[in-house]
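Each residue of the sequence shown is one higher than the one before, starting from 1 at the first, in the UniProt record's numbering. Cβ atoms here follow ideal geometry from the backbone N, Cα and C, with glycine treated the same way. Keep in mind it's a predicted model, so treat the numbers as computed, not measured. Since the structure comes first, as structure tokens, the remarks are kept for the end.
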Amino acid sequence: MSSPINADEHLFKSTSSLPRKHYYSIGEVASFLGVDTSVIRYWESEFPFLQIKRNANGERRFTEGDIKDLQLIYYLLKHKGFTIEGANKYLCEHKNELKKKAEAIESLKKVKSFLQMLRNELP
1 MSSPINADEH LFKSTSSLPR KHYYSIGEVA SFLGVDTSVI RYWESEFPFL
51 QIKRNANGER RFTEGDIKDL QLIYYLLKHK GFTIEGANKY LCEHKNELKK
101 KAEAIESLKK VKSFLQMLRN ELP
């Protein structure tokens, strides 16, 4: 079993830049990730753990958690050169640990931003 990937913090955009909503459309998610909507539909078919909800009209509705899962897939495929099969296997083995690291990075970015704001308010 290989060790978990050390995610570069700049590769994971903070979802806090998204408007606060319960659900996001596939277009919003594609724009956030910088990919085409067809890529997201393809990933949904190839990664069984993705359980994207749909509304009454059959339109996909993504949660923040879904977006974080898609960020991990993007990172493995585009930045680490994994195949779909390799990424699937890796995520099955390490998904929880990768999610914790991504959440820690996002929390640290928020703390950094807050501290910079405080510093800027000092006389």
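query: Applying the criterion that 16 or more other CB atoms from any shown protein chain within 10 Å of the CB defines a buried residue, is residue 125 buried or exposed?; result: In the structure as shown, the chain starts at 1 and stops at 123, and residue 125 therefore has no counterpart that could be examined.
query: Am I right that residue 127 and LEU72 are in contact with their C-beta atoms under 8 angstroms? What's the rounded C-beta distance?; result: Outside the displayed span of the chain (1 to 123) sits residue 127, for which this structure offers no information.
query: Straight-line CA distance for residue 124 to LEU33?; result: The structure shown does not extend to residue 124, since the chain is modelled only from 1 through 123, so no value can be given for it.
query: Output the distance between the C-alpha atoms of LEU91 and LYS110, rounded to the nearest integer angstrom.; result: 26 angstroms
query: Can you tell me whether DSSP reads LYS110 as helix, strand or coil?; result: helix
query: Based on Cα-Cα distance, which residue from ARG119, TYR74 and ILE67 lies nearest to ALA87?; result: TYR74
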